[in-house]
Every structure is written in C-alpha cells, then in structure tokens.
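Below is one structure, written out as structure tokens; comments come after it.
Residue numbers (the numbering used here): 1000 to 1195.
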C-alpha cells in the first residue's frame, strides 16, 4: 500500500494506471499526511473509473465491538475477486487466548473467508507490528490453504530485515518472497508466486 496526501491533489484513474498494460488493481492510502488524519483506503480497478473506498475500522483487540462489526459488515466491499483487504491492525479481528495460545474468532470471520473462497489476504500495515501474537494471528488467517501477505513501511526500531511477511496454510512462508533489486535504496519490492 502506498500513501499519498490528498490535500495536494486527488488521484485519478489515469494517473494511477498511466500506460500500464498488465496492472489490474492498485491499493492506495489517502490521508492528510502532515496531520495523520482523514485517512481512507482506495482500491482502484482498471475497468472502473472510480475507486472503492473504505476506512480502517479498528486497530487493537480491545477496540470496540462496534468497530469490529463495521469491519464485518463491509466484507464484500473489501473483497477483490479471491482476495480480501485487511488494513493494519484489523488482523486483531481474531484474538489469541493467553492461557493456551488458541485462536478465538468471535465474529466468525475465518468462516466468512472460507465461504467466500478468499485465497489471498492482503494486509498493508503502516509500520512493523512486533507483538508475538501477530504471527499467530496471521497464521490463523492463512488456514485452509489461504495466503496472508503483509507489508509495511520501514523505519521502526526492532523491525525485521525485510518489510513483509507471508503465511500459507497456517505456516510462515516469508522465505518464498523473492526481493527484486530496483536500484532505489528507499524502495523495496518482493514478488511471490501464490498458488491455490
């Protein structure tokens, strides 16, 4: 996910896709960057003149039931074919029980992913989330042969060497991501061959 400041200019279909031929979908975060406010995610599809817009509904496991229910209610808005977008801390829709390390899915979200045939969960994150439960949550979200691909902005202390993780069928699969050398030190890109 790439972020841009919409106070400077709004994105349009033409400046998102330009002259690309193969690119079909672009996910952008649009904010007032200086104030870190008015943030929304835009899903641009090549065949549509306007993007789908949605907002991060919650960030932490302890956040309100209302925010989590809003996330569940907009399930179809976030589905792009066999992919689904979970923004940043919305991975906290599932929780890890401290007493036994098991997964709790109060909202039946994993079943919704299964029933909708979601094969890939795209999880753009603002910055690295290092709590130990995050790996368990991503593993749980990747159950039943699903992929979970998380990417984040670099720069936070204590983060991993690569700005992404991959999980497949309950197991970490980050090693399957191949980094592409771009020649621009501040930009990193990884490619993964997903199959389902």
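For each residue, glycine too, the CB sits at the ideal point set by N, CA and C.
Nearest residue (CA-CA) to residue 1013, options 1045, 1041, 1131: 1045
Span of the beta strand (DSSP E) around residue 1189: 1188-1190
One or two residues paired with residue 1122 in a DSSP bridge: 1149
Residue 1052 in three-state terms, based on DSSP: strand
Classification of residue 1196 by the beta-carbon crowding that lies within 10 angstroms, buried from 16 upward: A question about residue 1196 goes unanswered here, because the residues of the chain that appear run from 1000 up to 1195.
Stretch pair the region 1164-1176 + the region 1125-1144: three plus CB contacts closer than 8 Å: yes
Nearest neighbour of residue 1030, chosen from 1040, 1091, 1133 [CA to CA]: 1040
Beta-carbon gap between residue 1215 and residue 1116 smaller than 9 Å: In the structure displayed, the chain extends from 1000 to 1195; residue 1215 sits before or after that span and is not available.
Same chain, Cβ closer than 7 Å to residue 1086, neighbours up to 5 away in sequence not counted: 1040, 1055, 1123
Counted within 10 angstroms of its Cβ, other Cβ atoms place residue 1149 as buried (16 or more) or exposed: buried
Alpha-carbon to alpha-carbon, residue 1033 and residue 1082: 31 Å
Beta bridge counterpart(s) of residue 1041 as assigned by DSSP: 1027, 1052
Bridge-paired residues (DSSP) for residue 1103: 1094
Residue 1077 versus residue 1065: straight-line alpha-carbon distance, rounded: 18 Å
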